[in-house]
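*Asks:*
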Amino acid sequence: MMDVQERRSRWLGAALTAPLLLFFLLILAYPVGRLALLAAPNGMHVDAAMLRSLRNSLVLSLAVALVSIVVCIIPAWALARWNFRLKLLVRSALTVPIMFSGVVVGFLAILTIGRVGLVPRFLEMLTGKPLLSGAAYGATGLVLAYLYFEIPRATLALESAFREMNIDYEAAAATLGLGPVGRMRRVIAPLARRAIISTFLLTFSVSLGSYGVALMLSRRLTLLPVDIYTAFTGFLDDERAATMSLMLLLFALIGAACSRFLEGTAE
Amino acid sequence: MIERWGTKRFAAGLTLTYGLALIAVLPPLSALMQSFQPPASEGWSGSAYRYVLDTYGSSLTFSLRLALFVVVASLLLGVPAAYGLVRHPFRGSRLVEQLTVVPLAVPGISIAMAIIIGYSAQRGQWLLLAAGHMLYTVAYVVRIVMNTLRNLPLRELDDAARTLGASRLDRLRRIVAPLLAAPVALASLIVFAISWGEFNVSFLLATPTQLPFPAALYGTYTSNSGPVAAAATAIFLLGALPLIIAVQLAGRSRFDYGQGA
Numbered sequence: 005m006m007d008v009q010e011r012r013s014r015w016l017g018a019a020l021t022a023p024l025l026l027f028f029l030l031i032l033a034y035p036v037g038r039l040a041l042l043a044a045p046n047g048m049h050v051d052a053a054m055l056r057s058l059r060n061s062l063v064l065s066l067a068v069a070l071v072s073i074v075v076c077i078i079p080a081w082a083l084a085r086w087n088f089r090l091k092l093l094v095r096s097a098l099t100v101p102i103m104f105s106g107v108v109v110g111f112l113a114i115l116t117i118g119r120v121g122l123v124p125r126f127l128e129m130l131t132g133k134p135l136l137s138g139a140a141y142g143a144t145g146l147v148l149a150y151l152y153f154e155i156p157r158a159t160l161a162l163e164s165a166f167r168e169m170n171i172d173y174e175a176a177a178a179t180l181g182l183g184p185v186g187r188m189r190r191v192i193a194p195l196a197r198r199a200i201i202s203t204f205l206l207t208f209s210v211s212l213g214s215y216g217v218a219l220m221l222s223r224r225l226t227l228l229p230v231d232i233y234t235a236f237t238g239f240l241d242d243e244r245a246a247t248m249s250l251m252l253l254l255f256a257l258i259g260a261a262c263s264r265f266l267e268g269t270a271e
Numbered sequence: 007m008i009e010r011w012g013t014k015r016f017a018a019g020l021t022l023t024y025g026l027a028l029i030a031v032l033p034p035l036s037a038l039m040q041s042f043q044p045p046a047s048e049g050w051s052g053s054a055y056r057y058v059l060d061t062y063g064s065s066l067t068f069s070l071r072l073a074l075f076v077v078v079a080s081l082l083l084g085v086p087a088a089y090g091l092v093r094h095p096f097r098g099s100r101l102v103e104q105l106t107v108v109p110l111a112v113p114g115i116s117i118a119m120a121i122i123i124g125y126s127a128q129r130g131q132w133l134l135l136a137a138g139h140m141l142y143t144v145a146y147v148v149r150i151v152m153n154t155l156r157n158l159p160l161r162e163l164d165d166a167a168r169t170l171g172a173s174r175l176d177r178l179r180r181i182v183a184p185l186l187a188a189p190v191a192l193a194s195l196i197v198f199a200i201s202w203g204e205f206n207v208s209f210l211l212a213t214p215t216q217l218p219f220p221a222a223l224y225g226t227y228t229s230n231s232g233p234v235a236a237a238a239t240a241i242f243l244l245g246a247l248p249l250i251i252a253v254q255l256a257g258r259s260r261f262d263y264g265q266g267a
């Protein structure tokens, strides 16, 4: 009797999940398969230009992820653990850049650090020289624009990870006489390490796939997502675009898989 | 619980936190200021907002309708799946659970290319565009609903109701539905905001008659004057409000921000 009920429950679960699986099959697995088939005939030919763009993308994303994680640790901790004024407002403010798609960030970068942007005009008033004028179009501007949306993203992601951390261990350590520095080193740091690495990888993976910012700003520096766009719309070279899309997909998935793996072992 | 030794560090940490929040809102505020200037180079005497509404109004309504469709469709796919995964686990359900978050890691441009190549015959259909958005939004629905189902004593309540003689439909209506109302509302806000702001898939799958607003926004950046572009950005920002509310509502639940946003 129990057995029949158990089997019915399993079937029901599978049936409720089936439409979602079918959706993934149709919109993710099948199209990516077709992409691979298109890239395969020329032996997934990877040329020097593609490798250069890939390298640029990887270096930029790594740098952005590194700076983001270093900057976001303290604010994330503050939001998760401290009580301070306007906390709600601060969190709302940090949500704003996350919401913007890349092109909006690119536009805002031009407004603030473009040729006649706010920051250079302000600095000209202070120093007499329009410092940072036109920075938006170089590598500096690209990094700043990525940081603009990656730091808040990393902060909020890390904040929720910090909140999930069990405070009982800290309380126990404090009761047993461990000072604040000792608690930070021996209790908090080991617990937070995985969350930090996982957030780092998430940031890296998102930066790698972002292309709106570069589409607006990148003049000389070639990045993989922009190259895909130009290969597809500019040169109508589907195979090249397909090969590069797969390269991008692969590296983004590796980053995300490592992140998930770390999260999975965090318990 | 801040010890005396930490007061200085506390102040420094707070300054950094406030500073980040300020930097986050300054650029959009400066865009907002610019949007109130008249768009002279368009030969337009009215406000820049009027110009955007007149020229890109169809994009706005298209994006709005698309986002609402994506919300409903994502809920229809995601809520039953989440319920099935938690209440009726089956062999391989853990794997399915892992699978739902995979799209969040996939770069939008790769997905857009894949969809264009995989469905070249159907190109230009809005359903394809909606499906591309849903790839990113369904994961949020599944995750939020699953989290709620796991944390609430749903099984106990459900079993109690059953022993008291409530039918399956009664239990669904009286117990499951009310418990799911809050997470479903939260997920809807997030899904709406993601679809409204999604650029990668929208831009590549757009057609001139079905131009989502983010893609139109790019058009204003490349071909319109500053005030018009700024006004379009400000209108676009309105769509961010649901997400901001959602993050406040989300409170203690865990929530990652993937490629979609």
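Line order of the protein sequences matches chains V and U. First residue of the first sequence: 5, per the working numbering; consecutive thereafter. First residue of the second sequence: 7, per the working numbering; consecutive thereafter. Cβ coordinates follow ideal geometry from the N, Cα and C atoms, glycine included.
#1: Let me know the secondary structure DSSP gives U:T106 once reduced to three states.
#2: Can you confirm whether U:F242, when its beta carbon is compared against all beta carbons of chain V, has any partner nearer than 9 Å?
#3: Say the cut is 8 Å; is the CB of V:L58 nearer than that to a heavy atom of the ligand NAP?
#4: Tell me the residue span of the alpha helix (DSSP H) that contains U:R15.
#5: Just the chain V side, please: which residues come within less than 8 Å of U:I121 by C-beta, in chain order?
#6: Got a sec: is the Cβ-Cβ distance from U:Q131 to anything in chain V below 9 Å?
#7: Quickly, what does DSSP pair U:T213 with across the bridge? List them, please.
#8: Just curious, the alpha helix (DSSP H) that V:V36 is in, first and last residue?
#9: Take U:V78 and list the residues in its own chain whose beta-carbon comes closer than 6 Å to its own, dropping the five residues that flank it on each side.
#10: How many whole angstroms separate the CB atoms of U:H94 and V:G17, which I take to be in contact at a CB cut-off of 8 Å?
#11: Which residues in chain U sit within 9 Å of V:S13, going by Cβ to Cβ distance?
#12: Let me know the secondary structure DSSP gives U:R3 once reduced to three states.
#13: What does a CB cutoff of less than 7 Å around V:A161 pick up in its chain, not counting 5 residues either side in sequence?
#14: For U:S64, does the count of other Cβ atoms within 10 angstroms reach 16, so buried, or fall short, so exposed?
#15: When the Cβ atoms of the segment 142-160 of chain U are set against those of the segment 59-79 of chain V, are three or more pairs found closer than 8 Å?
#16: Using C-beta distances below 8 Å, list every residue in its chain close to V:A260, excluding the 5 sequence neighbours before and after it, in chain order.
#17: What does the Cβ neighbour count give for U:N206, buried or exposed, with the cut at 16 atoms within 10 Å?
#18: Please return the same chain residues whose Cβ sits closer than 7 Å to the Cβ of V:S57, not counting the five positions on each side in sequence.
#19: I want to see whether chain U comes within less than 9 Å of V:M129, judged by CB atoms only; does it?
#20: Whose Cβ in chain V lies nearer than 9 Å to the Cβ of U:L178?
#21: Pick from V:L90, V:V120, V:L70, V:Y141: whose alpha carbon is nearest that of V:P134?
#22: Check the Cβ of U:T61 against every Cβ in chain V and list those closer than 9 Å, keeping chain order.
#23: For a contact meaning CB atoms closer than 9 Å, what does U:E204 contact in chain V?
#24: Report the residue from V:Y141, V:R85, V:G145, V:L148 whose alpha carbon sits nearest the alpha carbon of V:E174.
#25: Kindly provide the ranges of any alpha helix (DSSP H) runs that are 4 or more residues long and lie completely inside the segment 84-116 of chain V, ordered along the chain.
#26: Quick one: list the residues of chain V neighbouring U:Y142, beta-carbon separation under 8 Å, in chain order.
#27: When you compare the segment 15-32 of chain U with the segment 75-92 of chain V, are there three or more beta-carbon pairs, one atom per stretch, that lie closer than 8 Å?
#28: Can you check whether the C-beta of V:I192 is within less than 9 Å of a C-beta belonging to chain U?
#29: Taking the C-alpha atoms as reference points, what is the distance between U:A27 and V:L92?
#30: Closer than 8 Å by C-beta to U:R260: which residues in its own chain qualify, once you throw out the five before and the five after it? Chain order, please.
#31: Any C-beta of chain U within less than 9 Å: which residues of the segment 160-173 of chain V qualify?
#32: Starting from the beta carbon of V:T63, find every residue of chain U whose beta carbon is closer than 8 Å, and list them in chain order.
#33: In the structure shown, what three-state DSSP assignment does V:T226 receive?
#34: When you compare only the Cα positions, how much space is there between V:L42 and U:G130?
#35: Tell me the DSSP secondary structure of U:Y263 in three-state form.
#36: Between the C-alpha atoms of V:A97 and V:P23, what's the straight-line distance to the nearest angstrom?
*Replies:* Result, derived from the coordinates:
#1: Judged by DSSP in its simplified three-state form, U:T106 adopts coil rather than helix or strand.
#2: yes
#3: This structure lacks the ligand NAP, and indeed carries no ligand of any kind.
#4: Membership of U:R15 in the alpha helix (DSSP H) is indicated by the continuous run 13-40.
#5: Result: I31, P35.
#6: no
#7: U:Q216
#8: 34-43
#9: Apart from the 5 residues on each side of it in sequence, U:V78 has no Cβ closer than 6 Å to any other Cβ in its chain.
#10: 3 Å
#11: R93, H94, P95, F96
#12: Given that chain U is displayed from residue 7 to residue 267, the structure contains no residue 3 of chain U and the question cannot be resolved.
#13: So the list reads T203, L206, once near-sequence residues are dropped.
#14: exposed
#15: no
#16: The residues L205, L206, S209, in chain order, have a CB closer than 8 Å to that of V:A260 in the same chain once the five nearest residues on each side in sequence are set aside.
#17: buried
#18: Answer for V:S57: T226, L227, L228, D231, listed in chain order.
#19: Among the CB atoms of chain U, none fall inside 9 Å of the CB of V:M129.
#20: Per Cβ cutoff of 9 Å: no residues; U:L178 is ~12 Å from chain V at best.
#21: V:V120
#22: Chain V residues near U:T61: none, gap ~17 Å exceeds 9 Å.
#23: S105
#24: V:R85
#25: 91-103
#26: The contacting residues do not exist; U:Y142 stays about 11 Å from chain V at best.
#27: Verdict: yes, contact present.
#28: no
#29: 11 Å
#30: Confidence at U:R260 is low in this model, with a pLDDT of 45, below 50, so its placement is unreliable and no value can be given for it.
#31: Answer in chain order: L160, A161, S164, A165, R167, E168.
#32: According to the sequence provided, residue 63 of chain V is Val. The question's Thr does not apply to it. Neighbours of V:V63 on chain U: none; closest Cβ ~17 Å, over 8 Å.
#33: coil
#34: Each residue's CA atom was taken as its position, placing V:L42 and U:G130 some 21 Å apart.
#35: For U:Y263, the predicted structure reports a pLDDT of 45, less than 50, and the residue's modelled location is therefore unreliable. The matter cannot be settled from this model.
#36: 37 Å
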